[in-house]
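S.K.: Here's a structure for you.
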Amino acid sequence: MPELPEVEIIRRHLDAELRERTIRKVRIRRRDLVLNLPTVRALAGKLEGRRICRVDRRGKNLLFRLDGEAVLQIQIRMTGRFALGRRRPDVAIYRHIVAIFELDDGRNLYYDDVRRLGGFRWLEPEEWAALDRSLGPEPLAASFTARRLETVLEGTRAPIKNALLDQRRIAGIGNIYASEVLFRARIHPERAGGSLETREIAALHRSIRTVLRDALQAAGTTFRDFRAVNGRSGSYQHSLSVYGREGEPCRSCGRAVERSVQAGRSTFLCASCQK
DNA sequence: CTTGTACCCTGACCGC
DNA sequence: TGCGGTCAGGGTACAA
């Protein structure tokens with residue numbers, strides 16, 4: 000899925016379009032889409048008749064704030080996407096629609112997810128508060144300082160790449176941006192998180208914010224599946240320094256970009272630029 | 001506590 | 001053309 004910038008692009012569209020809309024009817028076609036209620040009907044029953052007050056984001060989670068304080072948490076994970084309209088969206092792009100929300104303005108919100116790794120969770124206010132507490136800081140918030148990052152990494156023996164992917168430490172970074180951020184900060188992904196010096200932490204902090212902001216500016220990265228609500232792709236894939244560039248020359252020194260595996264996932268790096 | 005691994009699911013792609 | 005292996009913006013349960 001989509002990481003923070005992609006989810007934020009989706010959130011902006013959804014918030015602009017869904018605010019103050021009431022959900023008339025919900026059709027969920029796959030049982031496994033509902034993560035914390037016994038049946039599809041149980042979730043649909045809770046949602047129908049509710050007004051969407053706002054669409055928020057926390058890390059990679061989308062949050063529909065509903066009247067009565069409850070929250071619909073949506074994790075789109077690897078391949079979830081949305082489309083909005085009176086009629087079904089282009090089948091060439093949206094061929095696995097697994098949920099449809101009928102709205103009071105006659106439009107439908109379509110949720111499409113090929114791999115069905117994503118899902119919906121109904122959260123009562125205290126459950127949302129617990130989820131919020133379990134996630135690390137928002138990297139683009141003003142309160143996310145280099146000092147905060149240092150605290151989060153203190154005493155960590157896990158490799159810095161793994162630590163960046165851990166949503167309890169920092170919320171929103173995924174596999175693409177973890178590699179990109181470390182390249183920009185010139186830090187080797189295998190370094191233990193707790194071994195970074197203060198000036199390296201400062202560089203990492205700056206890189207996290209720059210990379211995520213630039214990606215947001217470019218409407219996200221479309222490596223394979225990501226689409227905004229209007230069906231458009233992002234363009235940050237053209238700006239990637241290392242991700243997906245195994246064997247190609249490092250943009251900084253020319254040495255071939257290497258691929259390795261950490262925690263079962265690909266890491267891309269330049270072994271001469273990153274120490 | 002922390003860290004690593006298997007697994008969820010489908011489709012695209014590569015080499016034989 | 002078909003088949004098997006590998007890989008994919010993620011997260012969770014469970015084991016060590």
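Mind the numbering: the first sequence is residues 0 to 274 in numbering that gives the first Met the number 0, read in order.
Ideal Cβ positions, reconstructed from N, Cα and C, are used throughout, including at glycine.
Every value quoted in this text rests on a predicted model; they were computed, and no experiment measured them.
1. Can you tell which of R86, A82, R18 has the C-alpha that lies nearest to the C-alpha of N229?
2. Pick helix, strand or coil for F182, following the three-state DSSP scheme.
3. By how many angstroms is the C-alpha of V180 removed from the C-alpha of A202?
4. For the alpha helix (DSSP H) containing Q216, list its first residue and its last residue.
5. Do you know how far the Cα of D131 is from the Cα of F119?
6. In whole angstroms, what separates the C-alpha of V113 from that of T78?
7. Taking the continuous alpha helix (DSSP H) assigned at S133, which residues delimit it?
8. At a cut of 8 Å, does the segment 210 to 226 reach the segment 2 to 16 through at least three beta carbon pairs?
9. Report all residues from its chain with a CB closer than 7 Å to the CB of V241; omit the five preceding and five following residues, and keep chain order.
10. Among residues of its own chain, excluding the 5 on either side of R29, which ones have a beta-carbon nearer than 7 Å to its beta-carbon?
11. Output the distance between the C-alpha atoms of R23 and G192, rounded to the nearest integer angstrom.
12. How many angstroms separate the CA atom of L42 from the CA atom of C252?
13. For the alpha helix (DSSP H) containing L32, list its first residue and its last residue.
14. What are the boundary residues of the beta strand (DSSP E) that E16 is part of?
15. Quick one: measure Cβ to Cβ for D61 and I51, integer angstroms, because I've assumed they're closer than 8 Å.
16. Reducing DSSP to helix, strand and coil, say where A145 ends up.
17. So which of A157, D165, S259, P1 has the shortest CA-CA distance to G246?
18. Along the chain, which unbroken stretches of the alpha helix (DSSP H) at least 4 residues long are found entirely within the segment 22 to 83?
19. Is it buried or exposed for V90, if we count other Cβ within 10 angstroms and need 16 for buried?
20. Report back the beta-carbon spacing between L46 and L71 to the nearest angstrom; my notes put them in contact at under 8 Å.
21. Tell me the rounded alpha-carbon separation between E16 and G117.
M.R.: Inspection of the coordinates gives the following:
1. A82
2. helix
3. 10 Å
4. 197 to 216
5. The alpha-carbon atoms of F119 and D131 are separated by roughly 16 Å.
6. 6 Å
7. That run of the alpha helix (DSSP H) goes 124 to 133.
8. Put simply, the segment 210 to 226 touches the segment 2 to 16. At least three CB pairs are less than 8 Å apart.
9. S178, E179, F182, V256, F267, L268, C269
10. V97, R115
11. Cα to Cα, R23 sits roughly 48 Å from G192.
12. 53 Å
13. Under the DSSP assignment, L32 falls outside any alpha helix (DSSP H); it carries neither an H nor an E label.
14. Premise fails: E16 lies in the alpha helix (DSSP H), 3 to 17, not in any beta strand (DSSP E).
15. Looking at the sequence provided, one finds Leu at residue 61 rather than Asp. Not a contact, Cβ separation roughly 11 Å.
16. It is helical.
17. Comparing C-alpha distances from G246 to each of A157, D165, S259, P1 shows the shortest one belongs to S259.
18. Counting whole runs of 4 or more residues, the segment 22 to 83 contains the alpha helix (DSSP H) stretches 39 to 46.
19. Under a 10 Å Cβ-count criterion, V90 is classified as exposed, with fewer than 16 other Cβ atoms of the shown protein chains found around its own Cβ.
20. 7 Å
21. If I take the Cα positions, the gap works out to 22 Å.
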